[in-house]
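Numbering (full-length UniProt numbering), first residue to last: 1 to 642.
C-beta atoms are modelled at their ideal positions from N, C-alpha and C, and glycine is treated no differently.
Nothing here was measured: the structure is a model prediction, and the numbers come from that model.
Dropping the structure here:
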């Protein structure tokens, strides 16, 4: 007799809970935060040896050091252009007025005057917040990383789009890059390339290149094949077909890929301040360390403005053609004259920024940073004093009712009991092959000596994912069933996906203080947009015939949702759950800055304390293993449900 999966899962969880309670507090593998295991001590010693061989090892002398020098020089060249004084000068090559004028011209040339005006306003707002220098550093870092990422990603994406074999080879690495939390690979890169702009740029490229490859490959593979076949029938070579037909046809999608690469880069550049990246990440991290919410909001607003600026300017280029009616001769002439005038004004502005000090260096007296910080601190104090039931009350409710019991079950149970539960979960949802993979990866975490910290991180991730799915499902069903709701929520969802995860820590710190719930709440806010979008698409993809049949049978709206739409969209909901889990995990580990503990704190401590470097590196690997375990389980479950 075939037993339903739900019964098997319920039985497994029941056995796990009973054994966990019975054997509570034994074989948890808990060690003190500043204590090393034999393995982490060994890794730390090897890392120290690696650092000491930079000037002697041929691998460093002939490979890593030249790469670091070349990338560092490239980044510094762009920084000298707009951010820091050029050699033998007290001002950058292009001052603030010239930068504003160039941005206005570039955005207007690729989109519309409204977008150009918005971009200029956002850039000026960054200066008014006292963040001009940091903003220019972030732009320089982003520009360098994006140019290098596109130089690698677009050719590889075209190759993967043309070859099934290449795409098959790339896919595991692209999938791994998607589930890899950003903190995981910053420490190894800094170990090899040292902290600084070069390491930050390389880490940003690793984060951004997979996006460029995926979207470019998708663009090439989803072209209308009729023009391609026509080019082949006319005797075009592979290169002619690619350059004259396929790339021009895929141009708009490739521009969208550039937009997504830019957004990924600006998101990572903020976090990359942990390994010495100049830019807006530095004041954000400083504010988090000293728990200064007002200062954090000032820097956070600048990050938000920069992200919106880059998103709107690059996405506008992808959507430039909003009509199939060709422009008239008069419209073309007017546009050309306007562009010429704008170009002249830009050149004049650049010249002024080179010759006049007020146009070269942002005037310090033109700042609203103290006022913004004061208002933010006052608002935070008022919220904490008057809305305690919505901050402390909600935090305590979740902590005492869900978080603490689950943490006790996961972290205080014997390691072998929880490993058994993970394997049971894998075999029920994903099958034998997935269970074998989950077992070996879980045992790797056990061997690392960081099982207890991994369970703390897993607890926060599960709670964050549960709350994300509750909110995300409700909003996703609403937007999937209502065009009006979709229209209202779409700008907020787009903005939510645009902003770097690091920025969300600042307001959550103000609301909930330096606690593990702050990291969970940040993960929820960061993950909800992607979950809502995926669930909404799944609900909208349900065949209308099923809904009409249920309506004709007299079903209520609730019955249609629970009996028709949710079951039909089950695979999409599993995908949304998978993405929610991965997104929450990525943010929870960053929560080490605000008292979350677990693996994220060890990674951060490993970057700042040499005696914990080995433990920090292994903690990064453990985060990766956790992500892979549950990503494989969820993906296998989605495949088996189809």
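Boundaries of the alpha helix (DSSP H) in which residue i is found, first to last residue
{"i": "residue 77", "result": "65-82"}
{"i": "residue 289", "result": "281-290"}
{"i": "residue 268", "result": "251-271"}
{"i": "residue 35", "result": "Unbroken run through residue 35: none, as it is neither H nor E."}
{"i": "residue 207", "result": "197-221"}
{"i": "residue 232", "result": "225-233"}
{"i": "residue 114", "result": "113-128"}
{"i": "residue 240", "result": "238-241"}
{"i": "residue 20", "result": "5-22"}
{"i": "residue 608", "result": "598-608"}
{"i": "residue 110", "result": "96-110"}
Exposure of residue i, with buried meaning 16 or more beta-carbon neighbours within 10 Å
{"i": "residue 588", "result": "buried"}
{"i": "residue 451", "result": "buried"}
{"i": "residue 459", "result": "buried"}
{"i": "residue 311", "result": "buried"}
{"i": "residue 26", "result": "exposed"}
{"i": "residue 557", "result": "exposed"}
{"i": "residue 470", "result": "exposed"}
{"i": "residue 52", "result": "exposed"}
{"i": "residue 104", "result": "buried"}
{"i": "residue 615", "result": "buried"}
{"i": "residue 573", "result": "buried"}
{"i": "residue 241", "result": "buried"}
{"i": "residue 108", "result": "buried"}
{"i": "residue 447", "result": "exposed"}
{"i": "residue 340", "result": "exposed"}
Alpha carbon of residue i to alpha carbon of residue j, nearest angstrom
{"i": "residue 133", "j": "residue 83", "result": "6 Å"}
{"i": "residue 304", "j": "residue 490", "result": "17 Å"}
{"i": "residue 626", "j": "residue 175", "result": "15 Å"}
{"i": "residue 33", "j": "residue 612", "result": "9 Å"}
{"i": "residue 406", "j": "residue 560", "result": "33 Å"}
{"i": "residue 111", "j": "residue 100", "result": "16 Å"}
{"i": "residue 222", "j": "residue 395", "result": "47 Å"}
{"i": "residue 580", "j": "residue 461", "result": "9 Å"}
{"i": "residue 5", "j": "residue 137", "result": "53 Å"}
{"i": "residue 159", "j": "residue 342", "result": "38 Å"}
{"i": "residue 651", "j": "residue 255", "result": "Missing from the structure shown is residue 651; the chain here goes from 1 to 642 and no further."}
{"i": "residue 140", "j": "residue 565", "result": "47 Å"}
{"i": "residue 177", "j": "residue 301", "result": "28 Å"}
{"i": "residue 17", "j": "residue 439", "result": "19 Å"}
{"i": "residue 124", "j": "residue 63", "result": "41 Å"}
{"i": "residue 56", "j": "residue 187", "result": "22 Å"}
{"i": "residue 273", "j": "residue 279", "result": "7 Å"}
{"i": "residue 323", "j": "residue 60", "result": "Residue confidence is low: residue 323 scores 48 on pLDDT, short of 50, so the model does not pin down where it sits. Its coordinate-derived value is still stated next. Going from the Cα of residue 323 to the Cα of residue 60 covers about 54 Å."}
{"i": "residue 622", "j": "residue 445", "result": "6 Å"}
{"i": "residue 220", "j": "residue 179", "result": "24 Å"}
{"i": "residue 213", "j": "residue 146", "result": "13 Å"}
{"i": "residue 228", "j": "residue 156", "result": "20 Å"}
{"i": "residue 488", "j": "residue 541", "result": "20 Å"}
Best match in the options for proximity to residue i [C-alpha to C-alpha]
{"i": "residue 251", "options": "337, 215 and 413", "result": "215"}
{"i": "residue 130", "options": "560, 402, 371 and 471", "result": "371"}
{"i": "residue 361", "options": "42, 89, 639 and 237", "result": "89"}
{"i": "residue 259", "options": "503, 209 and 271", "result": "209"}
{"i": "residue 567", "options": "591, 62, 538 and 38", "result": "538"}
{"i": "residue 358", "options": "91, 5, 438 and 478", "result": "91"}
{"i": "residue 264", "options": "187, 181 and 290", "result": "181"}
{"i": "residue 510", "options": "295, 254 and 172", "result": "295"}
{"i": "residue 457", "options": "224, 523, 437 and 484", "result": "523"}
{"i": "residue 184", "options": "630, 604 and 109", "result": "604"}
{"i": "residue 632", "options": "116, 423 and 276", "result": "423"}
{"i": "residue 20", "options": "532, 418, 353 and 428", "result": "418"}
{"i": "residue 534", "options": "386, 127, 494 and 345", "result": "494"}
{"i": "residue 231", "options": "218, 217 and 249", "result": "249"}
{"i": "residue 369", "options": "351, 293, 403 and 433", "result": "293"}
{"i": "residue 284", "options": "620, 569, 500 and 218", "result": "500"}
{"i": "residue 577", "options": "597, 528 and 596", "result": "528"}
{"i": "residue 267", "options": "598, 502, 584 and 553", "result": "502"}
### Query
Which ranges would you report for the alpha helix (DSSP H) in the region 525-591 if only whole runs of at least 4 residues count?
544-552, 557-560 and 570-590
### Entirely enclosed alpha helix (DSSP H) segments - the region 398-457, minimum 4 residues
404-411, 415-429 and 432-448
### Task
Give, in chain order, every unbroken run of the alpha helix (DSSP H) that is at least 4 residues long and sits entirely within the region 489-523.
501-512
### Task
Quick one: which unbroken alpha helix (DSSP H) runs of 4-plus residues sit fully inside the region 147-185? Chain order, please.
164-179
### Task
Tell me the start and end of each unbroken alpha helix (DSSP H) in the region 353-386 that is at least 4 residues and wholly inside, in chain order.
357-360 and 369-386
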